[in-house]
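Peer 1: Going by mature numbering (1 follows the signal peptide of the UniProt record, and there is no 0), the letters in the sequence shown line up with residues -24 to -1, 1 to 330, in that order.
We treat Cβ as the ideally placed atom computed from N, Cα and C, and that holds for glycine.
Okay, here's the structure, questions in a sec.
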Amino acid sequence: MTRSPLPALRLLLPLLLTLGGAYAQNATVQSATALTLPSAVARALAQGVDVTSARASLQKAQANLRAVRADPTSLITTLTQAEQEVAAQAAVLDAAKLGAAQAAISGYLSAYEGAARVTLAGAQVGLSERNLKIAQARLAARTATALDVSRAQNALNSDRQDLASARASLPVLEASLARTLNLQGDLNLSAPPAAPKLSVTLAALQAGLEKRLPSLVQAANGAALAALQVRLSDNDYTPARTLEDARVAAQNAQRTLDDALRAAQTGVRDAYRAAQDAQERVALAREALQNARTALTQAQARLKAGTAAAVEVQQAQLQVSQAEFSLTQAQGGVWRALAGLGTASGVDVTGLVN
């Protein structure tokens, strides 16, 4: 008589399900991409759409310039325009790199701070739950009113809503960062490193903007080409009207460049001040954190001495967590400000691009 395989299959089924679940869980863990802020920026620079497109455009301009130089019949205006196009595309590529770095920095910090906000909101809910229990106990002991309990319950409900909002926002922030970096799957973000100090002077960042910012490079190229047209028209075989028109065009082109340069210098100055302010706020946040830690130590000592309640220690612990989050935000503010200064000046001051 042939024995049915069903009993053996029933015995193996739980084991297969367990192994399958473990494999799936391990695959999920392995799919998470570990990132640091520098590695995120490096990936954005290597795979960013704008950077890739700008790099291709520069290579095309360089190839055209080589062809123009190799052609003995090329006119000086054609050669000048080819050289200017290379300079313009080089500026576009540099700006694309700075823009990609800024987007990666902003996205990374938003996602990292989003995760920290979830943790902080969870701690706040824990304290509010404890405060509600205390209010309920005091009501039972007739040392508090129903209004006190209602207020504690309302505070807990509000904190729970904040936690739910933070949890809902986190996947959105992480997905946005993943799109920026062209990544799939979950992300595992490390704490951002300390931002570098702003060592370059404002004057240095404002100098040479017309050689770095694409819009100014374009305006400078236009002014230079217009000036060339004046020189080429200033002879005895070109109509005087042509020369006069060339001079007017050159004056207009120079005026456009000067106006754009002044606006860009103002933008750099504002970004520079924002970076300075951001760095100063880090020092203030560190001082606030130190004060919060001191208050926690004192609360723990009072609890041990019997002169403070456990809820006071929990409150002090939450204040430390809040101060730590504020410091994280302040440090992120420095990174954001430096990235903004880089795009405004055309100079990398984050140390992550060049």
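1) Can you tell me which of the three DSSP states Ala18 falls into?
2) For Leu163, which three-state DSSP category applies?
3) Among Ile110, Ala111, Pro48 and Trp311, which residue has its Cα nearest to the Cα of Ile81?
4) Return the chain-ordered list of same chain residues with a C-beta closer than 6 angstroms to the C-beta of Asn330, the five sequence neighbours on each side being excluded.
5) For Glu220 and Leu204, I'd like the C-alpha separation in whole angstroms.
6) Quick one: grab the DSSP three-state call for Ala240.
7) Nearest by alpha-carbon distance to Ala306: which of Thr242, Ala251 and Ser321 is it?
8) Report the rounded CA-to-CA distance for Ala71 versus Gln38, giving the unit in angstroms.
9) Please classify Thr326: is it buried, with 16 or more other beta-carbons within 10 angstroms of its beta-carbon, or exposed?
10) For Gln1, which residues from the same chain have a beta carbon less than 6 angstroms from its beta carbon, with the 5 sequence-adjacent residues on both sides left out?
11) Closer than 7 angstroms by C-beta to Gln194: which residues in its own chain qualify, once you throw out the five before and the five after it? Chain order, please.
12) Measure the alpha-carbon distance for Gly102 versus Arg262 and round it to whole angstroms.
13) Among the residues of its own chain, which have a CB less than 8 angstroms from the CB of Leu279, if the five just before and after it don't count?
14) Could you tell me the distance, in whole angstroms, from the CA atom of Arg42 to the CA atom of Ser50?
15) Looking only at its own chain, which residues have a Cβ that is under 8 angstroms from the Cβ of Ala170, when we skip the five neighbours before and after it?
16) Shortest alpha-carbon distance to Thr270 belongs to which of Gln255, Gln293, Ala254 and Leu123?
17) On the premise that Ala264 lies in contact with Ala299, defined as a C-beta separation below 8 angstroms, what is that separation, rounded to the nearest angstrom?
18) List the whole-angstrom C-beta distance separating Asn40 from Glu61, where the pair is believed to meet the contact cut-off of C-beta under 8 angstroms.
19) Would you call the CB atoms of Ala8 and Asp162 closer than 7 angstroms?
20) Under 8 angstroms by Cβ, that's how I've got Leu181 and Ser321 pegged, so tell me the actual separation to the nearest angstrom.
21) With a 10 Å radius around its C-beta and 16 neighbouring C-beta atoms as the bar for buried, classify Ser209 as buried or exposed.
22) Near Gly318, which residues of its chain fall below 8 angstroms by C-beta distance, leaving aside the five closest residues on each side in sequence?
Peer 2: From the atom records:
1) Here residue 18 refers to the residue found at position 42 of the sequence shown. Note: Ala18 maps to helix in three-state DSSP.
2) Along the sequence shown, one-based indexing puts residue 163 at 187. Note: Leu163 maps to strand in three-state DSSP.
3) Taking the sequence shown and counting its residues from 1, one reaches residue 81 at position 105. For Ile81, the nearest C-alpha among the options comes from Trp311.
4) Along the sequence shown, one-based indexing puts residue 330 at 354. So the list reads Asp324, once near-sequence residues are dropped.
5) Numbered from its first residue, the sequence shown carries residue 220 at position 244. Numbered from its first residue, the sequence shown carries residue 204 at position 228. Cα-Cα distance, rounded: 13 angstroms.
6) The residue labelled residue 240 in the question sits at position 264 within the sequence shown. Three-state DSSP puts Ala240 in a helix.
7) Along the sequence shown, one-based indexing puts residue 306 at 330. If we check each option's Cα against that of Ala306, Ala251 comes out closest.
8) Numbered from its first residue, the sequence shown carries residue 71 at position 95. Numbered from its first residue, the sequence shown carries residue 38 at position 62. Each residue's alpha carbon lies about 18 angstroms from the other.
9) Within the sequence shown, residue 326 is the residue found at index 350, counting from 1. Under this definition Thr326 is a buried residue.
10) In the sequence shown, counting from the first residue as 1, residue 1 sits at position 25. Confidence at Gln1 is low in this model, with a pLDDT of 46, below 50, so its placement is unreliable and no value can be given for it.
11) Counting from 1 along the sequence shown, the entry for residue 194 is found at position 218. Answer for Gln194: Ala64, listed in chain order.
12) Locating residue 102 in the sequence shown gives position 126, where the first residue counts as 1. Locating residue 262 in the sequence shown gives position 286, where the first residue counts as 1. Using only the alpha carbons, I get a separation of about 25 angstroms.
13) Residue mapping note: residue 279 aligns to position 303 of the sequence shown, counting from 1. Cβ neighbours of Leu279 beyond the five flanking positions: Ala285, Ala286, Glu288 and Val289.
14) Stepping through the sequence shown from its first residue, residue 42 is reached at position 66. Stepping through the sequence shown from its first residue, residue 50 is reached at position 74. Approximately 11 angstroms, taken between the alpha carbons.
15) Counting from one through the sequence shown, the residue named residue 170 turns up at place 194. Answer for Ala170: Gln307, listed in chain order.
16) Translated into positions along the sequence shown, residue 270 becomes position 294. Nearest of Gln255, Gln293, Ala254 and Leu123 to Thr270, Cα basis: Gln293.
17) For the purposes of this step, residue 299 is taken as the residue at position 323 of the sequence shown. For the purposes of this step, residue 264 is taken as the residue at position 288 of the sequence shown. Right, the Cβ-Cβ distance comes to about 5 angstroms (below 8 angstroms), so this counts as a contact.
18) For the purposes of this step, residue 40 is identified with residue 64 of the sequence shown, where counting begins at 1. For the purposes of this step, residue 61 is identified with residue 85 of the sequence shown, where counting begins at 1. Their Cβ separation, rounded to whole angstroms, is 7 angstroms, which keeps Asn40 and Glu61 in contact under 8 angstroms.
19) Residue numbering aside, residue 8 sits at position 32 when the sequence shown is read from its first letter. Residue numbering aside, residue 162 sits at position 186 when the sequence shown is read from its first letter. Contact: yes.
20) Against the sequence shown, residue 181 aligns to sequence position 205. Against the sequence shown, residue 321 aligns to sequence position 345. Correct: roughly 4 angstroms between the Cβ atoms.
21) On the sequence shown, residue 209 is found 233 positions in, with the first residue counted as 1. Buried, by the Cβ-count rule.
22) What you label residue 318 is simply residue 342 of the sequence shown in a count that begins at 1. Counting only Cβ-Cβ distances below 8 angstroms, and skipping sequence neighbours, we find Leu74, Ala77, Gln78, Asp324, Val325, Thr326 and Val329.
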